[in-house]
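Worksheet: the structure to be examined is printed underneath.
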Amino acid sequence: MEFFLNSIFETPIIIGVLLVITILIWLKINNSNRLKTPPEVGFALPIIGHLYLKELRGRKPLFIKFTKLAEKFGPIYNVRLGSIRGVVISSSELAREIFTAKDNYVLARPKSLATGHLAYSYANLGVAPPTPYWKWLRKFTAVGFFSHRALDMAKNVPATEIKLSIRYLYDLCNDKGSARIADMQQWLLDIGLNLMMRTVVGKSTATSDDADDEEARERRKWKKMMDDTMRMLFLPVLSDSIPVLKPLDIGGVEKEMIQVKKVMDEIVEEWLKEHIQKKANGIAVDGERDFMDLLLAAVEDGDAELGGYHPHMVVKATCMSMVGAGSDTTSVVIVWALSLLLNHRAELEKVQRELDNVVGRGRRVDISDINKLDYLQAVVKETFRIRPPGALLVPREFTDDCTVGGYHIPKGTMLFINLWKLQKDPNLYPDPNVYRPARFLEPKYKDIDPRGRHFELFPFGAGRRSCPGLNLGIQNVHLILANLLHSFDISTIDNKLVDLNASPDGVITRKATPLEIRISPRLSPDLY
Ligand code: HEM
Numbered sequence: 028m029e030f031f032l033n034s035i036f037e038t039p040i041i042i043g044v045l046l047v048i049t050i051l052i053w054l055k056i057n058n059s060n061r062l063k064t065p066p067e068v069g070f071a072l073p074i075i076g077h078l079y080l081k082e083l084r085g086r087k088p089l090f091i092k093f094t095k096l097a098e099k100f101g102p103i104y105n106v107r108l109g110s111i112r113g114v115v116i117s118s119s120e121l122a123r124e125i126f127t128a129k130d131n132y133v134l135a136r137p138k139s140l141a142t143g144h145l146a147y148s149y150a151n152l153g154v155a156p157p158t159p160y161w162k163w164l165r166k167f168t169a170v171g172f173f174s175h176r177a178l179d180m181a182k183n184v185p186a187t188e189i190k191l192s193i194r195y196l197y198d199l200c201n202d203k204g205s206a207r208i209a210d211m212q213q214w215l216l217d218i219g220l221n222l223m224m225r226t227v228v229g230k231s232t233a234t235s236d237d238a239d240d241e242e243a244r245e246r247r248k249w250k251k252m253m254d255d256t257m258r259m260l261f262l263p264v265l266s267d268s269i270p271v272l273k274p275l276d277i278g279g280v281e282k283e284m285i286q287v288k289k290v291m292d293e294i295v296e297e298w299l300k301e302h303i304q305k306k307a308n309g310i311a312v313d314g315e316r317d318f319m320d321l322l323l324a325a326v327e328d329g330d331a332e333l334g335g336y337h338p339h340m341v342v343k344a345t346c347m348s349m350v351g352a353g354s355d356t357t358s359v360v361i362v363w364a365l366s367l368l369l370n371h372r373a374e375l376e377k378v379q380r381e382l383d384n385v386v387g388r389g390r391r392v393d394i395s396d397i398n399k400l401d402y403l404q405a406v407v408k409e410t411f412r413i414r415p416p417g418a419l420l421v422p423r424e425f426t427d428d429c430t431v432g433g434y435h436i437p438k439g440t441m442l443f444i445n446l447w448k449l450q451k452d453p454n455l456y457p458d459p460n461v462y463r464p465a466r467f468l469e470p471k472y473k474d475i476d477p478r479g480r481h482f483e484l485f486p487f488g489a490g491r492r493s494c495p496g497l498n499l500g501i502q503n504v505h506l507i508l509a510n511l512l513h514s515f516d517i518s519t520i521d522n523k524l525v526d527l528n529a530s531p532d533g534v535i536t537r538k539a540t541p542l543e544i545r546i547s548p549r550l551s552p553d554l555y
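Each position in the sequence shown, counted from 1, maps to that position plus 27 in our numbering.
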């Protein structure tokens, strides 16, 4: 008997089995006390988290990498980008839960090295924490600037700016009857910036103005400043994910941010001084009032909630956030709309036929026509669906522990909504990867509104932190696209297909390569 017991307990296999059983029981007891968390995409290493995974390596856009991971881990999963803990959502139902019942938890934006330097100490509306100051600014912009009434009053700005830009293209065609545009994306980025500069600070950067006078030099300086600021503001910096690298300032990025901030502030300060002078002279009351005029008047009102910021800093930061957030977004939608139409010529011709039927060829399109252009509106919706300009929206951060889809999300987690994947869900749209604008004319889809109320299509985000400029954005996208397609016949060079790949850089989904096209006028010369 004694021999028998000894042989059992001395057998390493038996001891191993007992050990495993003990560990399993311990894990089970321990897990049942723990909260259920979303699937983790792998084992997170210290410092780099999941950045070593093959799905997260390489120079592809982050939303493509997240889409690959969603195919493996489902509509909600946890990912660690270095020290940043994120949750990635790609289901319409979960997005609805977050932006309705849980909206209060996700009103903040994460901080980064770039926002620390370029966002006027977080006075910038796009990154300000959800304080009474941010609420006041949202209310002010919604009522004073983005309401339908305000847009109606300001409709002359797009009309004149678009006319100028179309005229510029027409002049390129003039004696040859057509023109080759090497980079239509650049023309569209210019017009987007012109529109916002006129609306916000009353200035125009004039499309591709290469004159050599003082005014043109000034305009080139603003344009470069805006380009640099936007590029730097959304630059993924390694030290945001791996903070121990911050003192090294790899590639001199932080030094460059400080330089960009200096130039930015000098220019915006100059605009502010001009507006203060205008106000003192009474011009801002009687003449055309831009956003800076309105805000300048509002911050001096005793009821303004300025969160301890100097009133002038609020004006500078907010105007920068408007120009920055409103220009590239608008242009990028039109780049994609045009690119998709060029790859589907029958659709392009349908839009032009609709324009000819509704507007005719005897005058130019104007704002009042847009509501009657059903096919054009369907084209814009299909573009928002297939190529959302913010494919991951703009990240948010959970400000408290929360539950989403039954999973525990701890405070401090970054929220990514993968619109790129969500809006191509086959449960929402049949043949989701096929470009078919007419789907938005079908009874089931025709009432889908992209303004953040329907979680099948919400390119402007949703909830209380969604895009405040969406009405202006929607108006300008339709107006510019309609004007282009009405004014010109457009084709690719040698009828080649347009490359539809997205650039890996930035939060705004730009096209990776230039859009090269040929245009020829289709209206009578007196209309340009
Ligand atoms: C087609 C054009 C546009 C698109 C697709 C777009 C998209 C977006 C998206 C996705 C967000 C983030 C929303 C969220 O977190 O849920 C956003 C925020 C914002 N947008 Fe737009 N936008 C456009 C035009 C504009 C315009 C014209 C303006 C201003 C004139 C503007 C100003 C802003 C601002 C200030 C924010 C930050 C709001 C905050 O954080 O409280 N946007 N936009």
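Glycine included, every Cβ here is placed at the ideal spot set by N, Cα and C.
Item checked: Terminal residues of the alpha helix (DSSP H) in which Gly432 lies -> Counted from its first residue, the sequence shown places residue 432 at position 405. Where Gly432 is concerned, there is no enclosing alpha helix (DSSP H), given that its DSSP letter is neither H nor E.
Check: Could you check where the alpha helix (DSSP H) with Tyr402 kicks off and where it finishes?
Finding: On the sequence shown, residue 402 is found 375 positions in, with the first residue counted as 1. Taken as a continuous stretch (DSSP letters only), the alpha helix (DSSP H) holding Tyr402 covers 401-413.
Check: Contact between the region 108-115 and the region 75-93: three or more CB pairs below 8 Å?
Finding: yes
Item checked: Cβ-based neighbour list, Trp558, same chain, cut-off 6 Å, excluding 5 preceding and 5 following -> Residue 558 lies beyond the residue range present for the chain, which begins at 28 and ends at 555; the question has no answer from this structure.
Next item on the list: Confirm the yes/no value for this check: CB of Gly533, any heavy atom of ligand 1, distance under 7 Å.
Entry: Walking along the sequence shown from the start, residue 533 turns up at place 506. False, no ligand heavy atom lies under 7 Å from that Cβ.
Next item on the list: Within its chain, find whatever has a CB closer than 8 Å to the CB of Arg480; leave out the 5 residues flanking it on each side and keep chain order.
Entry: Position 453 of the sequence shown, counted from the first residue, corresponds to residue 480. So the list reads Ala489, once near-sequence residues are dropped.
Next item on the list: Would you kindly check if the distance between the Cβ of Leu442 and the Cβ of Ala418 is under 8 Å?
Entry: Stepping through the sequence shown from its first residue, residue 418 is reached at position 391. Stepping through the sequence shown from its first residue, residue 442 is reached at position 415. Result no, Cβ atoms of Ala418 and Leu442 do not sit closer than 8 Å.
Next item on the list: Take the Cβ of Ile544 as the centre, count every other Cβ of all protein chains shown within 10 Å, and call the residue buried at 16 or more, exposed below.
Entry: Translated into the one-based positions of the sequence shown, residue 544 becomes position 517. Result: buried.
Next item on the list: Specify the secondary structure class of Lys190 as computed by DSSP and reduced to three states.
Entry: As a working note, residue 190 is residue 163 in the sequence shown. Looking at Lys190 - three-state DSSP - the assignment turns out to be helix.
Margin query: Using DSSP's beta-bridge definition, name the partner residues of Lys636.
Written below: What the structure shows of the chain is the stretch from 28 to 555, and residue 636 is not part of that stretch, so it cannot be assessed.
Note to self: Taking the alpha carbon of His505 as the reference point, which residue from Ile397, Gly153, Lys282 has its own alpha carbon closest?
What the structure shows: Reading the sequence shown from its first residue, position 478 is the one you call residue 505. Checking every option, the nearest Cα to that of His505 belongs to Ile397.
Next item on the list: Could you check the C-alpha separation between Pro464 and Phe100 for me, to the nearest Å?
Entry: Walking along the sequence shown from the start, residue 464 turns up at place 437. Walking along the sequence shown from the start, residue 100 turns up at place 73. Those two C-alpha atoms are separated by around 31 Å.
Note to self: Quick check: what's the CA-CA separation for Asn522 versus His371?
What the structure shows: Within the sequence shown, residue 522 is the residue found at index 495, counting from 1. Within the sequence shown, residue 371 is the residue found at index 344, counting from 1. Each residue's alpha carbon lies about 11 Å from the other.
Checklist line | Span separating the alpha-carbon of Gly335 from that of Tyr149 | finding: For the purposes of this step, residue 335 is taken as residue 308 along the sequence shown, with counting starting at 1. For the purposes of this step, residue 149 is taken as residue 122 along the sequence shown, with counting starting at 1. Looking at the two C-alpha atoms, the distance is approximately 12 Å.
Next item on the list: If I'm right that Pro65 touches Tyr434 with Cβ under 8 Å, what's the distance once you round it to whole angstroms?
Entry: By 1-based counting over the sequence shown, the position of residue 65 is 38. By 1-based counting over the sequence shown, the position of residue 434 is 407. Confirmed, Cβ separation roughly 5 Å.
Next item on the list: May I have the straight-line CA-CA distance separating Gly353 from Val534, to the nearest angstrom?
Entry: Taking the sequence shown and counting its residues from 1, the one referred to as residue 353 is at position 326. Taking the sequence shown and counting its residues from 1, the one referred to as residue 534 is at position 507. Using only the alpha carbons, I get a separation of about 13 Å.
Margin query: Can you tell me which residues form a DSSP beta bridge with Thr519?
Written below: As a working note, residue 519 is residue 492 in the sequence shown. Ile544.
Next item on the list: Rank Phe411, Val227, Lys438, Gln450 by C-alpha distance to the C-alpha of Thr426 and give the top, closest one.
Entry: Against the sequence shown, residue 426 aligns to sequence position 399. That would be Lys438, whose Cα lies nearest to the Cα of Thr426.
Checklist line | Beta carbon of Val525 nearer than 8 Å to that of Leu375 | finding: Position 498 of the sequence shown, counted from the first residue, corresponds to residue 525. Position 348 of the sequence shown, counted from the first residue, corresponds to residue 375. No, they are not a contact pair.
Note to self: Does Phe70 pass the burial test, meaning 16 or more other C-beta atoms within 10 Å, or should it be called exposed?
What the structure shows: As a working note, residue 70 is residue 43 in the sequence shown. So Phe70 counts as exposed.
Next item on the list: Could you have a look at Tyr11 and say whether DSSP puts it in helix, strand or coil?
Entry: Only positions 28 to 555 of the chain appear in this structure, which leaves residue 11 out of reach.
Next item on the list: Pull up the DSSP beta-bridge partners for Arg244, would you.
Entry: The residue labelled residue 244 in the question sits at position 217 within the sequence shown. In the DSSP output, where bridge partners are listed per residue, Arg244 has none listed.
Item checked: Proximity winner among Glu381, Pro274, His144, Ile218, relative to Tyr402 (alpha-carbon distances) -> The residue you call residue 402 lines up with position 375 of the sequence shown. Among Glu381, Pro274, His144, Ile218, the Cα nearest to that of Tyr402 belongs to Glu381.
Next item on the list: Could you check what DSSP says for Leu365 in three-state terms: helix, strand or coil?
Entry: Along the sequence shown, read from residue 1 onward, the residue named residue 365 stands at position 338. It is helical.
Next item on the list: Mind checking which residues open and close the beta strand (DSSP E) that includes Leu108?
Entry: For the purposes of this step, residue 108 is taken as residue 81 along the sequence shown, with counting starting at 1. From DSSP, the beta strand (DSSP E) with Leu108 extends over 103-108.
Check: Which one or two residues does DSSP pair with Gly76 in a beta bridge?
Finding: Translated into positions along the sequence shown, residue 76 becomes position 49. Leu72, Leu108, per the DSSP bridge assignment.
Notebook entry, point to check: Measuring CB to CB, does Ser547 end up less than 8 Å from Lys538?
Noted result: Walking along the sequence shown from the start, residue 547 turns up at place 520. Walking along the sequence shown from the start, residue 538 turns up at place 511. Cβ atoms of Ser547 and Lys538: not closer than 8 Å.
Item checked: Candidates Gly153, Phe485, Ser518, Ser395, of which the one nearest Pro415 by Cα -> Start at 1 with the first residue of the sequence shown, and residue 415 comes out as number 388. Minimum Cα distance to Pro415 is reached at Phe485.
Margin query: By the three-class DSSP mapping on this structure, what secondary structure does Phe318 have?
Written below: Numbered from its first residue, the sequence shown carries residue 318 at position 291. In this structure, Phe318 counts as helix in the three-state DSSP scheme.
Next item on the list: Name the two residues that bound the continuous alpha helix (DSSP H) containing Lys443.
Entry: Here residue 443 refers to the residue found at position 416 of the sequence shown. Correcting the residue type first, residue 443 is Phe in the shown sequence and not Lys. Looking at the DSSP string, Phe443 is not in any alpha helix (DSSP H); the run it does join, the beta strand (DSSP E), is 441-444.
Item checked: Under the three-state DSSP convention, the category Leu215 falls into -> Here residue 215 refers to the residue found at position 188 of the sequence shown. Looking at Leu215 - three-state DSSP - the assignment turns out to be helix.
Check: How big is the Cα-Cα spacing for Gly500 and Thr356?
Finding: As a working mapping, residue 500 is identified with position 473 in the sequence shown. As a working mapping, residue 356 is identified with position 329 in the sequence shown. Between Gly500 and Thr356, the C-alpha separation is close to 8 Å.
Note to self: According to DSSP, simplified to helix, strand and coil, what is Ile116?
What the structure shows: As a first step, residue 116 is located in the sequence shown; it is residue number 89 there, counting from the start. Three-state DSSP puts Ile116 in a strand.
Next item on the list: State the start and end residues of the unbroken beta strand (DSSP E) segment that holds Ala141.
Entry: As a position in the sequence shown, residue 141 is number 114, starting the count at 1. Note, Ala141: premise wrong, no beta strand (DSSP E); alpha helix (DSSP H) at 140-145.
Notebook entry, point to check: If we count the other Cβ atoms within 10 Å of its Cβ and call it buried at 16 or more, is Glu409 buried or exposed?
Noted result: Along the sequence shown, read from residue 1 onward, the residue named residue 409 stands at position 382. By the neighbour-count rule (16 or more Cβ atoms within 10 Å), Glu409 is buried.
Check: Does the distance from the CB of Asn510 to the CB of Ile208 come in under 8 Å?
Finding: Within the sequence shown, the letter at position 483 stands for residue 510. Within the sequence shown, the letter at position 181 stands for residue 208. Not in contact: Asn510 and Ile208 (Cβ atoms no closer than 8 Å).
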